[in-house]
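Visitor: Right, I'll just put the structure down here and ask away after.
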Amino acid sequence: MVLDLRTIYVVTSITITLLGVLHSSAYFVGRFGRWQLSWGAGNILIGMGTFCIALRDFVPSFISIDVGNIVTWIGYMLMLTAVRAFAGRPMTNTAILLPIVLGALVFAFALNGGDSTSGRVIFGSLICCAVDVVIAREGWLIARRDGLRSAWILFGLYLTTALLYAARAFLAGVGEIGGERLFDDGSSHTLMAMLAVLIVVLRNMAVMLMAAERSHRQVTLMATTDPLTGALNRVGLSRSYAAMRGTVTALLIDMDHFKAVNDMHGHAAGDRLLCTLVEALRATSPPNSVITRMGGDEFVLLLEECSIDQAANLAAGIRDEFAVAVRGSDFPVNVTLSIGISRQSSSDELDRLLQNADAALYKAKRQGRNCVEFYQENAIAA
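Our numbering numbers the first residue of the sequence shown as 139 and each following residue consecutively.
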């Protein structure tokens, strides 16, 4: 059985509406942000608008033409606001309402006649093409900035629909589609409508994949990151070490007399010092280094293929950077660092590397603190 164009419009409207209801329901579960509600509402409005258009010749033209096109346009704009919100680039009220109002005015007054079918098809296709290009660009930005692979799917799908809308506008312009009786158009319009049903489903799936991928990353981040300093925790350290190759150098860093700082000046001052130390580590360490908070005031820095001299220079740089930060932040005390360094092959156990670094750190503490020691016979003075 070959579906006619009107039937495809009805199927499309039902499909989009149901997808909208599902997305809106997902928002009320509480796992997603308000963008999910905007996306769901956009789908519902597009489904309702498409259904109104499908009733052409059965209901007054005000409903099938004006209401159908305007409601569809509002839904399209809501989907754009949803993607922008997901990307962390929310639109202003003016940026949302102005295109909606202008588009509605054109549909309601400039293209409301029965002989304006081709004009409505051209205008509607062009503005939807423009929105799809913008959403495709947002997908590209999300994929590049956040590394979400599913965003590339969204980018590809919206770029495809933008091209389809451009082709639809062109066909309407040359008179191939968009005659006075919309649903008497030929096979080209029917084929595009069938593709639209498939792509609508895929676009919604892509959005859900993006949301799921981001949620997974957030959960992983929470499981592997220290919430106070933003450094990795022990779980994150183990995963990072497993991916390292060659010789690995560990710098075990401990604040001197940190407990006294907490006792005398409160935990807020201690927390500031911990964050300041992580900032100093990030400012002085190579880009591929692994910064981890082991617990309390103890941190470890892992480096690949780092020589003894490089490790010594880096440890000195960390101590200097931290000292400058402490002096410049009006801390009530002058806190110093003790650092123990060890090296081994990445094929050896992480625990062994940390135990050796801890032995070197213990030696630095016995030497009077505020110094650097290696896990070797000869100590390197700070």
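Backbone N, C-alpha and C fix where the C-beta goes; we use that ideal spot for every residue, glycine too.
Quick caveat, the model's predicted, so the values are computed rather than measured.
Measure the Cβ-Cβ separation of L390 and T422 and say whether it is below 8 Å.
Guide: Indexing the sequence shown from 1 puts residue 390 at position 252. Indexing the sequence shown from 1 puts residue 422 at position 284. Not a contact, by the Cβ cut-off of 8 Å.
Visitor: Should G434 be labelled buried (16 or more other beta-carbon atoms within 10 Å of its own) or exposed?
Guide: Against the sequence shown, residue 434 aligns to sequence position 296. Classification of G434: exposed, given that the 10 Å Cβ count is below 16.
Visitor: Using CA atoms only, rank isn't needed, just tell me which of A418, G374, D447 is closest to V428.
Guide: The residue you call residue 428 lines up with position 290 of the sequence shown. Checking every option, the nearest Cα to that of V428 belongs to G374.
Visitor: Between the C-alpha atoms of M432 and R372, what's the straight-line distance to the nearest angstrom?
Guide: Here residue 432 refers to the residue found at position 294 of the sequence shown. Here residue 372 refers to the residue found at position 234 of the sequence shown. The straight-line gap from Cα to Cα measures roughly 6 Å.
Visitor: Could you tell me the alpha carbon to alpha carbon distance between T145 and M186, rounded to whole angstroms?
Guide: Start at 1 with the first residue of the sequence shown, and residue 145 comes out as number 7. Start at 1 with the first residue of the sequence shown, and residue 186 comes out as number 48. Cα-Cα distance, rounded: 15 Å.
Visitor: Looking at A274 and L297, is the spacing between their C-beta atoms short of 8 Å?
Guide: As a first step, residue 297 is located in the sequence shown; it is residue number 159 there, counting from the start. As a first step, residue 274 is located in the sequence shown; it is residue number 136 there, counting from the start. The answer is yes: Cβ separation under 8 Å.
Visitor: If you run the structure through DSSP and keep just helix, strand and coil, what is Q514?
Guide: Looking up residue 514 in the sequence shown gives position 376. In this structure, Q514 counts as coil in the three-state DSSP scheme.
Visitor: Applying the 10 Å Cβ sphere with the 16-neighbour rule, what's the burial state of R355?
Guide: Within the sequence shown, numbered from 1, the residue matching residue 355 stands at position 217. Counting Cβ neighbours within 10 Å, R355 comes out exposed, since fewer than 16 surround it.
Visitor: Using the Cα positions of R410 and Q174, report the straight-line distance between them to the nearest angstrom.
Guide: Locating residue 410 in the sequence shown gives position 272, where the first residue counts as 1. Locating residue 174 in the sequence shown gives position 36, where the first residue counts as 1. In a straight line, the C-alpha of R410 is about 37 Å away from that of Q174.
Visitor: From the DSSP output, in three-state form, read off I429 for me.
Guide: What you label residue 429 is simply residue 291 of the sequence shown in a count that begins at 1. Reduced to three states, the DSSP call for I429 is strand.
Visitor: Starting from R410 and walking both ways along the alpha helix (DSSP H), at which residues does that stretch end?
Guide: On the sequence shown, position 272 is the one that residue 410 refers to. Taken as a continuous stretch (DSSP letters only), the alpha helix (DSSP H) holding R410 covers 405 to 422.
Visitor: What ranges does the alpha helix (DSSP H) occupy inside the segment 145 to 196, keeping only unbroken runs of at least 4 residues that lie completely in it?
Guide: 172 to 192, all fully within the segment 145 to 196.
Visitor: Report the residue ranges of all beta strand (DSSP E) runs contained in full by the segment 253 to 312; include only those spanning at least 3 residues, in chain order.
Guide: List check, beta strand (DSSP E) in window: nothing returned.
Visitor: Closest to P81 by CA distance: which of V438, E442, G408 is it?
Guide: The question about residue 81 has no answer, for the chain in this structure spans 139 to 520.
Visitor: Considering Cα atoms alone, identify which of T328, F512, E459, F460 is closest to A449.
Guide: Indexing the sequence shown from 1 puts residue 449 at position 311. When only C-alpha atoms are compared, the closest one is F512.
Visitor: Can you check DSSP and say which residues form a bridge with G478?
Guide: Your numbering for residue 478 matches position 340 in the sequence shown. Its beta-bridge partners are L390, E511.
Visitor: In the DSSP output, what is F200 paired with across the bridge?
Guide: As a working note, residue 200 is residue 62 in the sequence shown. According to DSSP, F200 bridges with nothing at all.
Visitor: Do S484 and L499 have their beta-carbon atoms positioned less than 8 Å apart in this structure?
Guide: Within the sequence shown, the letter at position 361 stands for residue 499. Within the sequence shown, the letter at position 346 stands for residue 484. Cβ atoms of L499 and S484: not closer than 8 Å.
Visitor: Assuming M343 and R306 are in contact, meaning their beta carbons sit under 8 Å apart, how far apart are those beta carbons, in whole angstroms?
Guide: As a first step, residue 343 is located in the sequence shown; it is residue number 205 there, counting from the start. As a first step, residue 306 is located in the sequence shown; it is residue number 168 there, counting from the start. That pair is no contact at about 23 Å.
Visitor: What does the Cβ neighbour count give for P198, buried or exposed, with the cut at 16 atoms within 10 Å?
Guide: Within the sequence shown, numbered from 1, the residue matching residue 198 stands at position 60. So P198 counts as exposed.
Visitor: Leaving out five residues on either side along the sequence, give the residues of the same chain with a beta carbon under 6 Å from the beta carbon of Y165.
Guide: To locate residue 165, count along the sequence shown from 1; it is residue 27. Excluding residues within five positions, the ones whose Cβ falls inside 6 Å are Q174, L175.
Visitor: When the Cα atoms are used, what is the spatial distance from I154 to I182?
Guide: Locating residue 154 in the sequence shown gives position 16, where the first residue counts as 1. Locating residue 182 in the sequence shown gives position 44, where the first residue counts as 1. In a straight line, the C-alpha of I154 is about 6 Å away from that of I182.
Visitor: Using the beta-carbon count (16 or more within 10 Å), is G171 buried or exposed?
Guide: Reading the sequence shown from its first residue, position 33 is the one you call residue 171. Looking at its Cβ environment, which holds fewer than 16 other Cβ atoms inside 10 Å, G171 is exposed.
Visitor: From what residue to what residue does the alpha helix (DSSP H) around E314 run?
Guide: Counting from 1 along the sequence shown, the entry for residue 314 is found at position 176. Premise fails: E314 is in no alpha helix (DSSP H) and is neither H nor E.
Visitor: Just confirm the distance between the C-beta atoms of I479 and V438, as a whole number of angstroms; I'd bet it's less than 8 Å.
Guide: The residue given as residue 479 occupies position 341 in the sequence shown. The residue given as residue 438 occupies position 300 in the sequence shown. The pair is not a contact, with the Cβ atoms about 10 Å apart (cut-off 8 Å).
Visitor: Checking the sheet assignment: what are the DSSP bridge partners for V438?
Guide: Counted from its first residue, the sequence shown places residue 438 at position 300. Paired residues: L390, T430.
Visitor: Can you tell me where the alpha helix (DSSP H) with G213 in it begins and where it stops?
Guide: Counting from one through the sequence shown, the residue named residue 213 turns up at place 75. First-last of the alpha helix (DSSP H) with G213: 206 to 224.
Visitor: Give a yes or no on whether the C-beta atoms belonging to T150 and A334 are separated by under 8 Å.
Guide: As a working note, residue 150 is residue 12 in the sequence shown. As a working note, residue 334 is residue 196 in the sequence shown. In this structure, A334 lies closer than 8 Å to T150 by Cβ.
Visitor: Examine the ligand ADP and report whether any of its heavy atoms sits within less than 7 Å of the Cβ of R283.
Guide: The ligand ADP is not part of this structure, which contains no ligands at all.
Visitor: Taking Cβ to Cβ, would you say S263 is nearer than 8 Å to A310?
Guide: Position 125 of the sequence shown holds residue 263. Position 172 of the sequence shown holds residue 310. Closer than 8 Å, so yes.
Visitor: Using a threshold of 8 Å, state whether the C-beta atoms of V148 and F189 are closer than that.
Guide: Translated into the one-based positions of the sequence shown, residue 148 becomes position 10. Translated into the one-based positions of the sequence shown, residue 189 becomes position 51. Contact flag set, yes.
Visitor: So, with DSSP's three-state summary, where would you put L249?
Guide: Residue 249 sits at position 111 when you count from the first residue of the sequence shown. Reduced to three states, the DSSP call for L249 is coil.
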